[in-house]
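The structure under discussion appears below in the form of structure tokens.
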Amino acid sequence: MKKILLLSDTHSHIDDTILKYVAQADEVWHAGDIGNLIVTDTIKKIKPLRGVYGNIDDDKARMEFPLHNRFMCEGVDVWITHIGGYSGKYNPNIKTEMTENPPKLFICGHSHILKVIFDKKHNLLHMNPGAAGTSGFHQVRTMLRFVIDDDKIKDLEIIEIGKK
1 MKKILLLSDT HSHIDDTILK YVAQADEVWH AGDIGNLIVT DTIKKIKPLR GVYGNIDDDK
61 ARMEFPLHNR FMCEGVDVWI THIGGYSGKY NPNIKTEMTE NPPKLFICGH SHILKVIFDK
121 KHNLLHMNPG AAGTSGFHQV RTMLRFVIDD DKIKDLEIIE IGKK
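Going by full-length UniProt numbering, the residue at position 3 of the sequence shown is 3; the numbering climbs one at a time, nothing skipped.
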């Protein structure tokens, strides 16, 4: 069993509230637009981190993190990418892979809109944690927290960090 904290779109912002939730997780996953790598370096000092780079990330982030991160967590096939879209509107660059080899859990960021949807067509759970940073059009900073237990995704919680 693993407790996961999922965040995205920090845009160089990290604070004590985010770090409080980092400390409570077994692993932290970042869905891109990290900004300054101080964000991920700080998280990595506390907990294991998996992530991807986003469209605002520089060459340093792109050297450290992949565009797509696909891995197994417990019994769950996970795919994280920054600009992925959602059911019915997946990014054209991933449509073929999504159709031929869909994961059980598909995660992206980019939109700054928190979204959790079950995609019946591809039989997967899609998550976008919204934005944990202070840059962008979102009004409330958000993250997601959940548990992966064997092949089950459960105990999903929305974390509202507060107004930006």
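For every residue, glycine included, the Cβ atom is placed at its ideal position computed from N, Cα and C. Remember, predicted model here, so these are calculated numbers, not experimental data.
{"Query": "Contacts around Ala61, its chain only, beta-carbon distance under 7 Å, and the 5 residues preceding and following it disregarded", "Result": "Ile34, Leu37, Tyr53"}
{"Query": "Under 8 Å between C-beta atoms of Thr142 and Glu157", "Result": "no"}
{"Query": "Cβ pair count under 8 Å reaching 3, the stretch 6 to 14 against the stretch 138 to 154", "Result": "yes"}
{"Query": "Classification of Thr10 by the beta-carbon crowding that lies within 10 angstroms, buried from 16 upward", "Result": "buried"}
{"Query": "Nearest-angstrom beta carbon gap, His82 and Gly32 [assumed within contact, 8 Å]", "Result": "3 Å"}
{"Query": "Delimiting residues of the alpha helix (DSSP H) encompassing Ile14", "Result": "Here Ile14 belongs to no alpha helix (DSSP H), and DSSP marks it neither H nor E."}
{"Query": "Sub-8 Å separation of Leu125 and Lys104 beta-carbons", "Result": "yes"}
{"Query": "Residue range of the unbroken alpha helix (DSSP H) whose run includes Thr99", "Result": "95 to 100"}
{"Query": "Member of Lys120, Leu19, Val28, Cys73 whose CA lies at the smallest distance from the CA of Gly88", "Result": "Lys120"}
{"Query": "Coil, strand or helix - Thr142 by DSSP", "Result": "strand"}
{"Query": "Per-residue DSSP class, three states only, for Ile43", "Result": "helix"}
{"Query": "Boundaries (first-last residue) of the beta strand (DSSP E) holding Lys2", "Result": "2 to 7"}
{"Query": "Contact set for Ile107: own chain, Cβ-Cβ below 6 Å, skip 5 residues either direction", "Result": "Ala31, Ile80, Met127"}
{"Query": "Buried/exposed call for Met63, threshold 16 Cβ in 10 Å", "Result": "exposed"}
{"Query": "Element boundaries [beta strand (DSSP E), containing Asp59]", "Result": "Careful: Asp59 lies outside any beta strand (DSSP E), inside the alpha helix (DSSP H) at 59 to 64."}
{"Query": "Rounded C-alpha distance that separates residue 165 from Lys152", "Result": "The question about residue 165 has no answer, for the chain in this structure spans 1 to 164."}
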